[in-house]
Amino acid sequence: MANIRVRLNRYFENIPYVVRSNRWKTWIGFILLTVFMVAGVGRFKLDISMVSFFKEKEPVKLAYDRFRAVFGGDEIVYIVYEAKDGNVFSPHSLKAVRGIQDELLNFRLLTKSPETSPFNRITDVITIINASYLESDRDTLISRDFIGDGLPKTEAEVRGLQQLALKQKDYPKRYFSTDFRYGGLIIKTDFNAVPIDALQNSGSNGNLTVDDEPEFEKITDTEADIISTDIYSEDYLPKFEKTQMKEYLSFMKEISVILDKPEYSDHLAFYPVGNPPLMSYAFKNMMSEMGMIMLGVLLLIIGVMWILFRSFSAVLWPVLIVAFSLVWVMGTIGWSGLAMTEMYNVIVFLVLAVGIADAIHILSGYIYYRNQSLSHSDAVLAVYKKSCLACFLTSITTSIGLLSMVLVPIIPLQRFAVFAASGVIYAFVLTVVLLPLMLDIWNPVSKKKAEKISPSGSRTHFIQQFIRRFETIGFRFPRIIIPIFTVVALILIIGSTNVRVESNAIENLKDGIPLKNAYNLVDRFMGGTGNLEILVDTGKTNGLKDPIVLKAIDDLQTYLQSSFPDLVVKTFSLADMAKDSFKALHAGDLEKHIIPEDEITLAQTLFMFESANPKDRRQLVSDDYRLARIGINSKNLGSIKGLKLMNAVDSYIERNLKPLVATYPDLTITTTGQLPLQLKLMDYISWSQVRSFGIALTVISIILLLVLGCIRIGLVAIIPNLLPIVTAFGVMGIFDMPLDVHTLLVVPIVIGIAVDDTIHFLTHFRLEMQASGDLKQSIIRSYREAGQAIVFTSLVLAFGFLVFLFSSNKGFSYFGILSAVSILTATIADLLLLPALLFVVERNRQHSEKAVVQPD
Amino acid sequence: MKAFTTASLSTLLIMTTSLSFAQPPREIMKKVNERKDGTTQFSKIELSTCRYTVANRKIKCIEKSRVKIMESVRKDFGPAEQDSKSVITILEPAGERGIGFLQFDWDDPDRETDQWMYFSALGKVKRIISGNEDEPKTGSFFGTEITYEDIEARHLDDYTYKLIGREVYQERDCWVIQSTPTPERLKKSNYSKSINWIDKERYLTLKSILFNQQGRRLKRITNSEIKKINEIWVMRNMLVNNLETKRLTTFRLLSTAFDFKVDDQFFTQRTLTDSVFREQNLKQYRLSLGSR
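Residue numbers (numbering that gives the first Met the number 0), protein chains in the order written: chain P, 0 to 855; chain X, 0 to 291.
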């Protein structure tokens, strides 16, 4: 082991020689690589959709894909509007709604460049005006739009319309609130739901010329082939085109252009919710927050570097290095073709904050040696000899901590892990390779050295003085320090048992953000924003025309709505349509609002429904009546309430629907939709946590043991590194911060970073012990040599993490606080607990030794 | 003739021969609309619909086609045979057997189509109205991708026509004519325009592409298996490809006969409700198929 250390050390020592003698080659190589990376930056993609969190073969995702394959996209913009005159049925309100509906539906006729309009993604727009309506008047059946062109004119007509609308089971809380103050406009889109094979048919087909058609002709033969693929087979699951984040942004922008028109905004106030507004908001926000985080961290770094070195070059070079590291990471991500989530912000931060640490260590060493009267070249060599290995080791441990997240089966976390780790390594490589060349061009000491005798004296003074106050505490009061840390750790461990795993994208938005208000409004007055889909695959063509099956579906809906009145707002399925149609066939007789018991009667009822309203039929059941969907609208549920609901659904299905297996042996019932996806994610988060940090901890401990070359000290070293983990969970539990995809990042990041301090401290300690064998003296020396850098890097990181407090996402704010607190805990533990432990352990070993060398 | 009837169904399928020389597109379409289609017609029809995907530039059904078989009887009325009445009854599938339609189409543009539907399992006749006044008709024909508008006869004056090309299609010389509804017509139509491939020699529409209200290509209708029966051109296979819903309906004329005697009493609600009466008449009409 010692051998490897020596060899590594020699290798790093050699770097300044090598890069200097190949000065131009190095610069050109760097520039070429940077140009290559810059070219990749343009390919950078963002994707924060829920589906992007899952692996391809994940069952919940497969069920969701199947759902989209059969029923089309489920991404809607639900615009809730408030009537300024208090009545969404007033002529003014209805006129405005119809105007918006027409503009959205007929955008092609209204815009100059319809081909490029974001509204091409609209598949349908449904409002109270064009809601499908089946009316029966004695022996007449009328299937029509609910209002259509005939807007009400008189007060009485308005009231009549309101009463009629209230009677439609699926209208209230979807198209209007029961007090008529709010209305709802549904924009259906094909975001993330366009099968890739269908792409060739969509797109530019507006102005077909004769020349276009023969091309199309080849695709669609006059005779279709016989069945070659089965929509239910495993083979047939179309890949869906991924919607780019900027599409959401431009889509929502175009919608606001319409909504902001005075003819609409004078009468209505709008509150859009749904995935597109959420994505658009997150994207917009992420961009501005990324800028803010970069700027904040850069300023912080510049400030710290200035305080530390008081030299322009000492600020400029490190900042340039981390900036280039960032470009390289972005380029790597771009070239990889993989989409990133908003966790990219954390990568930015890590590359900047962790990357700068290497530069701090090397620069402070360099200045230290220059102050020791070494020449520029000698100082560079000396610092590489002394600090490079430690920088390398800390970069490796940090990367390992990050890479441990590869084990979590959540795609964004895996990508985050790989790219953040590569960023840390880039920063290390660029620092080590470029810094000597940069210092050759311009170094922080050349002028000052001539002017001042000891420029470092006054500078380091206050930090050193501060640190010196603590340097003896560890070994003077181990009997106090160790119990205090133990008690604190116990409190935190108890606190950590209260950690709740919960994820709720909306809940995570900070209060007061318009989007969050909109969601709250929809939950309060309308149908809620949560969504759960139950897919019933009978395995038989026309299985859904069986009255027993439809009855079972109907009972499930009744059960959910009566058992969870506070969670489930609406449910809808083919059973509802069968009941409505049967009632209509009996001239609106309420007693006939039932599912016909006779199979043929049901078949003919459904035939009537399908003829009258093929669009609604397609939304509810597959063409062959084999697969149906039960849609459940719920309030925006966190994962805890969601789980309760899901468990109820599952056990109900087990009890009441599974018996149908006797008649339908191939019956399968699966749940999908946003809620199950969210719950699956939670499932991963809770148990993957243990595994990922367990492995990281093991690997890092092994590295510690190898680096220190001493099992005893290695084991001691692990203890202060457990504390930040306990702190993260304890604080989460005590302050009720949920464990979610954001706060999940804390531990792997902190494990890797916290151990850096320990490595620095113990490397010095070991050298001192080898040199003097004096325990207390070694602790004091280590404190003085490594303490300053430890405190500084920790402060940079802790304050850096606090920049995330400004995020509009509570998850990131919690992430920032937790990381900062954990890092500071790690530093305190390294400066107080570690010496105390070292003292106790080492003293026991060499109990004969008593001499105490007092400092100064 | 207007609105939805079997007669109109046939108008898409039956066309007469005519001379072909340079003429304005409106004249061409006039000839297409006014081709001979017989005074009465009996047909046995199979409609099958499937959901499809496009793979390797070919359409493939991804589920079992839903097949419906029905019989239809049509008779034209009026001095110029401009109005028509028809009865359609479903034979298959079993659950829908006996469901019947009675429909009156009127040439008078102000008169709405009259449509009744009979539900055999309930023993009820219902008058059917689809869509508000002055708005496009909603609903589908027998749950297929064919909508009522697709099968109604078009009034020549409701559209303006433009010859946009000449092309060989299905090995026939064709005119390619774009027809655009007048603003008045547009209000009631699901389509903002159509492009039609017209067989120069036989005045048959071999292919139509229909564009939705937003100007997007919505449906593609192709006709094939053309045969002359009783001096009337019959296209026995029609494919309606809904490009939006990715569904394909195949309309097959299993057998058809023209110009046999049909009692006017057949076109009453009694035919729907009284299966004995209906069967008696149908038995006779079926005999005429022998001449096919």
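Don't be surprised by glycine CBs; every beta carbon is placed ideally from N, CA and C.
Note that the structure is a prediction, hence the values are computed from the model and not measured.
task: Figure out for me which residue from P/109, P/252 and P/190 has the closest Cα to the Cα of residue 239 of chain P.
output: Measuring from the Cα of residue 239 of chain P, the nearest candidate turns out to be P/190.
message: Looking at chain X, is there any beta carbon in it that lies within less than 8 Å of the beta carbon of residue 221 of chain P?
response: With a pLDDT of 44 at residue 221 of chain P, under the threshold of 50, the modelled position of that residue is not reliable, and no figure is offered here.
- request: Would you please verify whether the beta carbon of residue 121 of chain X is less than 8 Å from any beta carbon of chain P?
  value: True, the Cβ-Cβ gap to chain P drops below 8 Å.
message: I'd like the span of the alpha helix (DSSP H) that includes residue 390 of chain P, first residue to last.
response: Its alpha helix (DSSP H) spans residues 375–402.
- prompt: Where do the ends of the alpha helix (DSSP H) carrying residue 359 of chain P lie?
  reply: Residue range 343–370 is occupied by the alpha helix (DSSP H) that includes residue 359 of chain P.
- prompt: Using the beta-carbon of each residue, which ones in chain P are nearer than 8 Å to residue 98 of chain X?
  reply: Within chain P, the residues placing a beta-carbon under 8 Å from that of residue 98 of chain X are 603 and 606, ordered along the chain.
message: Can you confirm whether residue 239 of chain X, when its beta carbon is compared against all beta carbons of chain P, has any partner nearer than 8 Å?
response: Residue-level contact by beta carbon fails for residue 239 of chain X and chain P, as no gap is shorter than 8 Å.
- request: Have a look at residue 175 of chain X and residue 22 of chain X and give me their C-alpha separation to the nearest angstrom.
  value: In this model, residue 175 of chain X and residue 22 of chain X are separated by some 13 Å (Cα to Cα).
message: Against residue 212 of chain X, what residues of chain P qualify as contacts under a CB-to-CB distance less than 9 Å, listed in chain order?
response: Those are 104, 105, 107 and 108, listed as they occur along chain P.
field: Inter-stretch contact at 8 Å, needing at least 3 Cβ pairs: the stretch 436–446 of chain P / the stretch 769–784 of chain P
entry: No, the stretch 436–446 of chain P does not touch the stretch 769–784 of chain P.
task: Please check if any C-beta of chain X sits within less than 8 Å of the C-beta of residue 613 of chain P.
output: Yes, contact with chain X.
message: In whole angstroms, give me the CA-to-CA distance for residue 113 of chain P and residue 107 of chain P.
response: About 5 Å.
message: With a threshold of 8 Å between beta carbons, is residue 148 of chain P in contact with chain A?
response: Protein chains P and X are contained in the structure displayed, whereas chain A is not.
Min CB distance residue 276 of chain X to chain P below 8 Å: Not an interface residue.
Option in P/625, P/418 and P/294 with minimal Cα separation from residue 805 of chain P: The option with the nearest alpha carbon to residue 805 of chain P is P/294.
- prompt: Looking at C-beta atoms only, is the number of pairs between the stretch 391–398 of chain P and the stretch 465–480 of chain P that lie closer than 8 Å three or more?
  reply: The stretch 391–398 of chain P makes no contact with the stretch 465–480 of chain P; the number of CB pairs closer than 8 Å stays below 3.
query: Quick one: Cα of residue 255 of chain P to Cα of residue 102 of chain X, how far?
result: C-alpha separation (whole angstroms): 46 Å.
message: Any beta carbon from chain P within less than 8 Å of residue 118 of chain X's own beta carbon?
response: Yes - at least one Cβ of chain P is within 8 Å of the one on residue 118 of chain X.
- request: For residue 695 of chain P, write down the residues that DSSP places opposite it in a beta bridge.
  value: Its beta-bridge partners do not exist; DSSP assigns none.
task: Indicate the three-state DSSP secondary structure (helix, strand or coil) for residue 69 of chain X in the structure shown.
output: Residue 69 of chain X falls in the strand class under three-state DSSP.
task: Give the DSSP-derived three-state secondary structure of residue 729 of chain P in the structure shown.
output: Correct three-state label for residue 729 of chain P: helix.
field: CB of residue 63 of chain X within 8 Å of CB of residue 522 of chain P, strictly
entry: For the 8 Å CB-CB criterion, residue 63 of chain X and residue 522 of chain P do not form a contact.
task: Decide yes or no for the touch test of the stretch 748–755 of chain P against the stretch 708–727 of chain P: beta carbon pairs closer than 8 Å, at least 3 of them.
output: The answer is yes - the stretch 708–727 of chain P touches the stretch 748–755 of chain P, with three or more Cβ pairs under 8 Å.
- prompt: Quick one, are the C-beta atoms of residue 179 of chain X and residue 199 of chain X less than 8 Å apart?
  reply: No, the pair does not count as a contact, with Cβ atoms beyond the cut-off.
- request: Could you give the DSSP three-state label for residue 4 of chain P: helix, strand or coil?
  value: Residue state, collapsed to three classes: helix.
message: For a cutoff of 8 Å on Cβ pairs, would you count residue 598 of chain P as touching chain X?
response: Chain X contact via Cβ: present.
task: With a threshold of 16 other CB atoms inside 10 Å of the CB of residue 818 of chain P, please say whether the residue is buried or exposed.
output: Classification for residue 818 of chain P: buried.
task: Determine the direct distance from the alpha carbon of residue 372 of chain P to that of residue 860 of chain P, and round the result to whole angstroms.
output: Residue 860 of chain P lies beyond the stretch modelled for chain P, which goes from 0 to 855, so this question has no answer here.
query: So, are the CB atoms of residue 223 of chain X and residue 177 of chain X less than 8 Å apart?
result: No. Outside cutoff.
- prompt: Is it right to say residue 23 of chain P is buried, meaning 16 or more other beta carbons lie within 10 angstroms of its own, or is it exposed?
  reply: Answer is exposed; the Cβ neighbour count stays below 16.
field: Euclidean distance between Cα positions of residue 243 of chain X and residue 159 of chain X
entry: Distance from the CA atom of residue 243 of chain X to the CA atom of residue 159 of chain X, rounded to whole angstroms, is 26 Å.
query: Excluding five sequence neighbours on each side, which residues of the same chain lie with their C-beta closer than 8 Å to the C-beta of residue 60 of chain P?
result: Hits under 8 Å: 50, 53, 54 and 676.
query: What residues of chain X sit near residue 67 of chain P, judged by a beta carbon separation below 9 Å?
result: Within chain X, no residue comes near residue 67 of chain P; the closest Cβ sits about 13 Å away, beyond 9 Å.
query: Which of helix, strand or coil does DSSP assign to residue 19 of chain X?
result: Low confidence applies here, because residue 19 of chain X scores a pLDDT of 43, under 50, leaving its location unreliable; read the following figure in that light. Assigned with DSSP and collapsed to three states, residue 19 of chain X falls in coil, not helix or strand.
- request: Kindly indicate which three-state DSSP category residue 232 of chain X falls into: helix, strand or coil?
  value: In this structure, residue 232 of chain X counts as strand in the three-state DSSP scheme.
- prompt: Using a C-beta to C-beta distance shorter than 8 Å, which residues of chain X count as neighbours of residue 544 of chain P?
  reply: Residues of chain X whose Cβ lies closer than 8 Å to the Cβ of residue 544 of chain P are, in chain order, 94.
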